Amino acid sequence: MKRDTGQDRKITRNWRSATQAVRGGTWRSEQGETSEAIYMTSGYAYDSAETVADRFAGKIPGMTYSRTANPSVQMLEERIALMEGAEACRCQASGMGAMSSVLLCQLSAGDHMVIAKAAFGPTRWVTDNLLPRFGIEVTAIDGRDLNQWQDAIRDNTKLFFFETPANPTMDLVDIAEVSKIAHARGIRVVVDNAFASVALQRPLDHGADVVAYAATKLMDGSGRTLAGAVAGDANFINTILHPYTRNTGNVLSPFNAWVVLKGLETLELRAKAQSDAALDLGRWLEARLPRVLHPGLESHPQHDLVKKQMYGAGSIFSFEVDGGREAAMKLLNALQLIDISNNIGDTKSLMTHPASTTHSSISPETRQAMGVTEGMVRISVGLEDLEDLKEDLDGALKAIGL
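The numbers in UniProt numbering rise by one with no breaks, and the one at position 350 of the sequence shown is 350.
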């Protein structure tokens with residue numbers, strides 16, 4: 001591969017997904033390094049005053065300041081855009097940096113947005129508490145019901161936002177059908193794809209306008225760093241999102257970008273292996289538990305939608321135990337191998353009690369409306385031997401009488 005082949009879309013868009021994940025976006029310096037370089041710099045030097053003036057004026061390409069652009073971060077942005085089938089991408093400092101930016105960059109006082117109520121707790125905090133402070137109206141609906149999307153539209157509705165699968169209830173939203181409803185009224189559709197990743201679902205292929213990520217999760221894949229990303233059409237990314245992130249400072253560090261670049265190289269292998277293991281584990285648990293929320297199971301009410309828009313149901317799912325919070329905590333405390341952690345997408349299997357962790361920032365009433373019960377436990381399946389995971393869960397379930 002030549003120095004700048006990885007940046008040439010005429011070439012890279014013809015690569016298959018695994019090749020894009022390993023080589024897409026790569027730009028080599030004159031040293032010819034095989035691993036992407038980490039450009040740990042805040043600023044840049046120029047051969048003349050005219051050069052920097054022309055760069056700031058947009059007359060010539062080139063770096064000006066790492067809050068605006070950085071070579072390491074640009075390589076990651078190009079790789080993600082390529083993998084998503086997007087025209088452009090911008091990265092943020094964290095997943096919630098991506099979610100807050102994708103909302104605040106395009107909404108103004110007097111605007112209205114609709115969100116599927118089943119969502120990550122901090123995202124609901126932003127939509128329920130922060131946006132109304134700025135005069136932005138928000139309606140939360142059951143995203144599974146297409147009629148509710150239609151009925152929620154107002155004359156000032158600018159945005160539809162949803163997770164699919166949703167954290168932690170595993171609700172799915174029909175991306176294609178909701179996008180049709182939105183586009184008929186000129187409404188932009190943003191999808192949080194963190195639970196699936198591009199390896200298992202490409203929302204833009206189904207009609208979504210923008211896809212947002214906590215790259216902290218499956219993209220990194222080893223629990224090493226915080227990162228966020230937003231991908232979509234060039235006009236939205238470069239003229240609406242980028243001015244917001246550049247001027248508010250919600251940008252990704254070069255080192256964190258490099259970590260995620262390395263993670264993307266194995267994303268497809270990890271995501272598919274972990275998804276297969278999670279489905280096997282879900283089937284095993286279904287025989288012992290009153291309710292397992294895994295869209296890959298035939299018992300899930302939206303199982304057919306998985307087959308329509310996903311390449312696998314993912315590595316994360318939830319289940320419920322009788323006895324509420326006390327039983328859920330007792331189960332978690334009995335684990336010997338699986339870590340008690342509120343993260344997801346790691347190579348290590350992780351479990352958490354959403355009501356007291358990821359969704360503790362929202363009210364009990366909102367959690368109840370979302371379907372986040374006190375007896376719900378969420379698991380993110382890693383790459384350990386499946387039999388070891390079953391043995392650990394078997395012991396934990398026996399500890400609560402199951």
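Ideal placement from N, C-alpha and C gives every residue a C-beta, glycine not left out. Predicted, not measured: the structure shown is a model, and the values here were computed from it.
Note the first and the last residue of the continuous beta strand (DSSP E) segment covering residue i.
i           : result
residue 185 : Note, residue 185: premise wrong, no beta strand (DSSP E); not H, not E.
residue 56  : From DSSP, residue 56 is part of no beta strand (DSSP E) but of the alpha helix (DSSP H) over 49-56.
residue 287 : From DSSP, residue 287 is part of no beta strand (DSSP E); its letter is neither H nor E.
residue 218 : Looking at the DSSP string, residue 218 is not in any beta strand (DSSP E), and its letter there is neither H nor E.
residue 78  : Not the beta strand (DSSP E): residue 78 falls in the alpha helix (DSSP H), residues 71-84.
residue 88  : 88-92
residue 360 : Unbroken run through residue 360: none, as it is neither H nor E.
With distances taken between CB atoms, is the gap from residue i to residue j smaller than 9 Å?
i           : j           : result
residue 213 : residue 105 : no
residue 277 : residue 200 : no
residue 451 : residue 316 : The displayed coordinates of the chain run from 1 to 402. Any statement about residue 451 would go beyond what the structure contains.
residue 376 : residue 320 : yes
residue 210 : residue 186 : no
residue 21  : residue 216 : no
residue 198 : residue 102 : no
residue 218 : residue 270 : yes
residue 67  : residue 288 : no
residue 354 : residue 165 : no
residue 152 : residue 190 : no
residue 204 : residue 95  : no
residue 223 : residue 347 : yes
Between which two residues does the alpha helix (DSSP H) containing residue i stretch?
i           : result
residue 381 : Looking at the DSSP string, residue 381 is not in any alpha helix (DSSP H), and its letter there is neither H nor E.
residue 163 : No alpha helix (DSSP H) contains residue 163, which is instead part of the beta strand (DSSP E) from 157-163.
residue 244 : 242-248
residue 417 : One cannot answer for residue 417 here, as it falls past the ends of the chain, which runs 1 to 402.
residue 263 : 254-264
residue 102 : 95-104
residue 395 : 386-399
residue 9   : 9-12
residue 196 : Premise fails: residue 196 is in no alpha helix (DSSP H) and is neither H nor E.
residue 37  : First-last for residue 37: undefined, no H or E at that position.
residue 326 : 324-333
Can you tell me whether DSSP reads residue i as helix, strand or coil?
i           : result
residue 26  : coil
residue 134 : coil
residue 120 : coil
residue 206 : helix
residue 303 : helix
residue 351 : strand
residue 225 : coil
residue 153 : coil
residue 108 : coil
For residue i, does the count of other Cβ atoms within 10 angstroms reach 16, so buried, or fall short, so exposed?
i           : result
residue 234 : exposed
residue 220 : buried
At least one CB of chain D closer than 9 Å to the CB of residue i: is that the case?
i           : result
residue 264 : Of the protein chains in this structure there is only one, and it is not chain D.
| Validate contact between the segment 250-264 and the segment 173-182 using beta carbons, cut 8 Å, 3 pairs | As far as the Cβ criterion goes, the segment 250-264 does not touch the segment 173-182, which means the pair count is below three.
| query | Can we say the segment 104-119 touches the segment 129-144, given the rule of at least three CB pairs closer than 8 Å? | reply | The segment 104-119 vs the segment 129-144: in contact.
| request: Indicate whether the contact test is met: 3 or more Cβ pairs, each with one atom in the segment 334-341 and one in the segment 301-309, closer than 8 Å. | output: No, because fewer than three Cβ pairs between the segment 334-341 and the segment 301-309 fall closer than 8 Å, the two stretches do not touch.
| query | At a cut of 8 Å, does the segment 10-29 reach the segment 76-87 through at least three beta carbon pairs? | reply | Contact holds: three or more Cβ-Cβ distances are below 8 Å.
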